[in-house]
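S.K.:
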Amino acid sequence: MKPCAYVRASTVEEATAAYAGHSGAQYLGGGTNLVDLMKLGVSTPDTLVDISRLPLDGVAECDDGALRIGATVRNSDLAAHPLVRARWPVVSQALLAGASGQLRNVATTGGNLLQRTRCPYFQDLTKPCNKRQPGSGCAALDGVHRDHAIFGHSRRCIATHPSDLAVALVAVDATVELHGGDGVRTVPVEEFYRLPGERPEQDTIIRPGELITAVTLPAHSAGLPSAYRKARDRASYAFALASAAAVVDVQGGRVHHAALAFGGVAHRPWRARHAENWLIGAPPTADAIARAVDAELARAEPLGDNAFKVDLARGLARDLLTRLTGARPPGAGGHGAG
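Using our numbering, the first residue of the sequence shown is number 160, and each one after it goes up by one.
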């Protein structure tokens, strides 16, 4: 590993000032991803600004029923939080599916959202990678790309985003709070991530030196039926080949609210807006769910090795939505909302 300086910050202001005052600085939270990348030589910071001791480790209920989660809350604590489990179970389920207990005890909420791709070509310094070295090419295009994107990819990059938590946060319409030199701003988690386009080295819209200080789960998705499902190569912890997070609300025999997001299929969590548009206002039947999911997946652009992901995502989404809506075939009687 390359030698680097180390600064321990005790406040958000100290952290952002230290970042601004040291060239080549990076923030260090739990370090479960960054330290690995440093060992591989993919990430070579000149200065580490340790933010693990910032006073951002609380979870607080807001007056309107939303839940504000500090950026340094550990994944294990967030997954076990009684309000998260009761009101946004999809978030707890995604965290529990994402990593072993040992990693969850170290990994932070903010760090989880800022994970880099696990594309093996990104992690291999002997291979060209536009995300690691802009303009060098994408070795995955003509290489092994079974695990790569089927939505939103470009000739510059076909990598996928690895976070399970981020997929669930997109489905519940969560927002992320960013603190930087220009003050504090809040953006939807869905808009926080970028598609690769011509600039795959930019995973997010975060500005240089900005620090994630909190994530907020909104009141409007609290208490609605929600769930997360993940398909992976082995039963033990592994990154998603495909995953799905869903939040639904059935009222009066019609789908009143529907949110669906896929993981493991794009450079960012993929919000299935076409499927949602088909579902909202429709009766919660198996046929309606199938048509909605198919409308979204018709826009997939699988690569040579990963066409199976289309059917995998289809099965995950249909199963989730069927269970959450209590869907029955047309004419089979009443509909449940559980």
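Where is the CB? At the ideal position from N, CA and C, for every residue including glycine.
Considering only residues of the same chain and omitting the five flanking positions on each side of L324, which have a CB-CB separation below 6 Å?
M.R.: A253, L254, N271
S.K.: To which residues of the same chain is L456 closer than 7 Å at the C-beta, ignoring the five residues directly before and after it?
M.R.: Only V469, A472, R473 meet the Cβ criterion.
S.K.: At a cut of 8 Å, does the stretch 215 to 226 reach the stretch 301 to 311 through at least three beta carbon pairs?
M.R.: no
S.K.: If you reduce the DSSP assignment to three classes, tell me which class G339 lands in.
M.R.: DSSP places G339 within a strand segment (E or B) once states are collapsed to three.
S.K.: By the 10 Å Cβ neighbour count, where 16 or more other Cβ atoms means buried, how is R344 classified, buried or exposed?
M.R.: exposed
S.K.: Can you check which of these residues, H338, V329, E357, H416, is closest to P347 by C-alpha distance?
M.R.: The shortest Cα separation from P347 among H338, V329, E357, H416 belongs to V329.
S.K.: For S313, which residues from the same chain have a beta carbon less than 8 Å from its beta carbon, with the 5 sequence-adjacent residues on both sides left out?
M.R.: L354, P355, G356, E357, P359
S.K.: Going by the CB atoms, is the gap between L400 and G423 shorter than 8 Å?
M.R.: yes
S.K.: Grab the span of the alpha helix (DSSP H) containing R388 for me, first residue to last.
M.R.: No alpha helix (DSSP H) holds R388; the beta strand (DSSP E) holding it covers 385 to 390.
S.K.: Alpha carbon to alpha carbon, what distance is there between E460 and V208?
M.R.: Each residue's Cα considered, the two are about 40 Å apart.
S.K.: In the DSSP assignment, what are the bridge partners of C288?
M.R.: Answer is C297, bridged to C288.
S.K.: Going by other Cβ atoms of all chains shown within 10 Å of its Cβ, with 16 needed for buried, is L273 buried or exposed?
M.R.: buried
S.K.: Would you tell me roughly how many angstroms separate the C-alpha atoms of D341 and T175, rounded to the nearest one?
M.R.: 11 Å
S.K.: Between L462, D453, D464, L242, which lies nearest to L475 when the distance is taken from Cα to Cα?
M.R.: D453
S.K.: List the endpoints of the continuous beta strand (DSSP E) containing D209.
M.R.: 206 to 209
S.K.: Applying the 10 Å Cβ sphere with the 16-neighbour rule, what's the burial state of T512?
M.R.: With the chain covering 160 to 497 only, the question about residue 512 has no answer from this structure.
S.K.: To the nearest angstrom, how far is the alpha carbon of A298 from that of A431?
M.R.: 28 Å
S.K.: Taking C-beta to C-beta, are A266 and A258 nearer than 8 Å?
M.R.: It is a contact, given that the beta carbons lie within the stated cut-off.
S.K.: Got a sec? Which residues, its chain only, sit under 8 Å from G495 by beta carbon, not counting five neighbours each side?
M.R.: In this prediction, G495 has a pLDDT of 36, which is less than 50 and means its spatial position is unreliable; nothing more can be read from the coordinates.
S.K.: Between A425, L438, R482, D478, which lies nearest to L462 when the distance is taken from Cα to Cα?
M.R.: A425
S.K.: Whole beta strand (DSSP E) runs in the stretch 231 to 268 with 3 or more residues, listed along the chain?
M.R.: none
S.K.: Within 10 angstroms of its Cβ, does F467 collect 16 or more other Cβ (buried), or is it exposed?
M.R.: exposed
S.K.: Along the chain, where does the beta strand (DSSP E) containing Y186 start, and where does it finish?
M.R.: 184 to 187
S.K.: What would DSSP say about R353, mapped onto helix, strand or coil?
M.R.: If DSSP states are grouped into helix, strand and coil, R353 belongs with coil.
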